[in-house]
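Student:
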Amino acid sequence: MLGSVDTEALLVDALAQVGVQARTTTGAPDQGIDLVLDPGGVEVQVKHRALVTGEVARRMLGETPLPPNRVLLVVADRVTEDARAVLTGHHAGYFDLRGHLAIRSATIVIDVDVEPVSGRAERTNALNGTVGLEVATALLMNPAEGVAVRELARRLGRSASTVSEILAALRSAGLADERHRIKGTELFWQVAERWPAARVYLADLPMLGDAMMTRSLRLGLDDAEQTAGWALTDSAAAAVYGAPLAVSTGQLLDFYVPDQATARRATTLLGAAPSRTQARCAILVAPVHAACSHRLDPANNPFEWPLAHPVFVALDLAQDAGRGREVLADWTPPERWARVW
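Numbering follows the working numbering, in which position 63 of the sequence shown is assigned residue number 63; successive positions increment by one, without gaps.
1. Relative to the C-alpha of L61, which candidate in R84, P196 and D223 has its C-alpha closest?
2. From what residue to what residue does the alpha helix (DSSP H) around I108 run?
3. Relative to the alpha-carbon of R171, which residue among V147, R154 and R158 has its alpha-carbon at the smallest distance?
4. Under 8 Å by Cβ, that's how I've got L219 and P206 pegged, so tell me the actual separation to the nearest angstrom.
5. DSSP three-state label for G168, please.
6. Just how far apart, CA to CA, sit P39 and R70?
7. Going by beta carbon distance, what residues of the same chain come within less than 6 Å of V20, once the five residues before and after it are set aside?
8. Going by the CB atoms, is the gap between L307 and L296 shorter than 8 Å?
9. Please state if the CB of V257 and the CB of N301 are separated by a distance shorter than 8 Å.
10. Within 8 Å, do at least three Cβ pairs link the stretch 177-195 to the stretch 251-265?
11. Under the three-state reduction of DSSP, which class applies to Q260: helix, strand or coil?
12. Below 8 Å on the Cβ atoms is my contact criterion, and I expect P116 with R98 to pass it. Report the Cβ-Cβ distance as a whole number of Å.
13. Please classify T346: is it buried, with 16 or more other beta-carbons within 10 angstroms of its beta-carbon, or exposed?
14. Since E43 sits in a beta bridge, which residues does DSSP pair it with?
15. Inspect the beta-carbon positions of A192 and L10 and report whether they are closer than 8 Å.
16. What are the start and end residues of the beta strand (DSSP E) that includes D96?
17. Quick check: what's the CA-CA separation for K47 versus A22?
18. Note down the Cα distance separating G242 from W331, rounded to an integer number of angstroms.
19. Alpha carbon to alpha carbon, how far is R280 from L72?
20. So for V153, helix, strand or coil by DSSP?
21. Measure the CB-CB distance between V247 and A263 and report whether it falls below 8 Å.
22. Indicate the three-state DSSP secondary structure (helix, strand or coil) for Q190 in the structure shown.
23. Check Q345 in the structure and name its three-state DSSP category.
24. Have a look at A321, V42, D234 and E335 and flag the residue whose alpha-carbon is nearest the alpha-carbon of A291.
25. Quick check: what's the CA-CA separation for A57 versus L87?
26. Could you compute how far the alpha carbon of L66 sits from the alpha carbon of Y94?
27. Helix, strand or coil: which one does DSSP assign to Q21?
28. Applying the 10 Å Cβ sphere with the 16-neighbour rule, what's the burial state of A126?
29. Following the continuous beta strand (DSSP E) through V200, name the residue where it begins and the one where it ends.
30. So for F312, helix, strand or coil by DSSP?
31. Less than 6 Å between C-beta atoms, sequence neighbours within five positions excluded: which residues of the same chain meet that for A350?
Take a look at the structure:
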């Protein structure tokens, strides 16, 4: 686990390699100061992340307003080129554990290669692969609950050792606490960056009441909250959950479907549409099984389809950098669910 002390130790060592002394100040962490750099007396607030993209960097800068004499410095397993430009362009800095250190302030400029911290990226990048997304979304669905490793592994049908490694990486990145509870929105947005958006547009909707089609396409309409099947997402589902959206019962509907085989059968039976404007529905293979197995069928649903859990609806909306994210900014789901975006 890479805690705050480990993060600062790595940073102090990297700074020493270029002749900059970093010291702590008694009581200063309560004021948002982790280190002071000499020469210059630059005050530094240190944050650790597994991966920093341009969007993550911009969000961190927006969420961390600092006075002119203080610098945000991000320690990360990987900092993308876009993120590097964003951070240094806003008088901040980064230490990419693969071996690069950069800081921009009114009194200090650093941009150098340093000794890499070998192996760290492989151990701490929690969201690589399907299992990482499964663990992360399981925590997002119940952010304040906390969970034991073996219990979560059992629920997901994954090995306890793999789940343990992913949870340790989430703790290391500051995305979960020791009880695996989630605070804030950072984990949601990191998952959103890896959430697929590509859809298949279909010329028709499945015919409700057709038993053959229901079985063939795995619609799962009987006892929807206890079974897996198609899950309504995007704007229609968000509107049912109270998002500020105007929708109609005749609009194009977006669904998560259980697997690639279902998507192929749906294309064969319902026909492919050349574009969204000519489609009756759109389908997206669920990135994690829970998107199709944790469905809701609320009484106030004007559509005839079970809804995806609000977390999966929000992840879908987040793929639209314009209207979708505007909706998320103004949407708080009912009290039954926590807002994690």
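Glycine is no exception: its CB is placed at the ideal position from the N, C-alpha and C atoms.
Tutor: Let me spell this out:
1. R84
2. Per DSSP, I108 belongs to no alpha helix (DSSP H) and is neither H nor E.
3. V147
4. 6 Å
5. Going by the sequence as given, residue 168 is Ala instead of Gly. Helix, per DSSP.
6. 14 Å
7. L37
8. yes
9. no
10. no
11. helix
12. 5 Å
13. The structure shown has nothing for residue 346, since the chain only spans 1 to 341.
14. V36 and R70
15. no
16. G93 to D96
17. 15 Å
18. 7 Å
19. 48 Å
20. The displayed chain sequence assigns Ala, not Val, to residue 153. A153 falls in the helix class under three-state DSSP.
21. no
22. helix
23. Past the edges of the chain, shown from 1 to 341, lies residue 345, and the structure says nothing about it.
24. D234
25. 6 Å
26. 16 Å
27. strand
28. buried
29. V200 to L202
30. helix
31. It is not possible to answer for residue 350, since the shown part of the chain is limited to 1 through 341.
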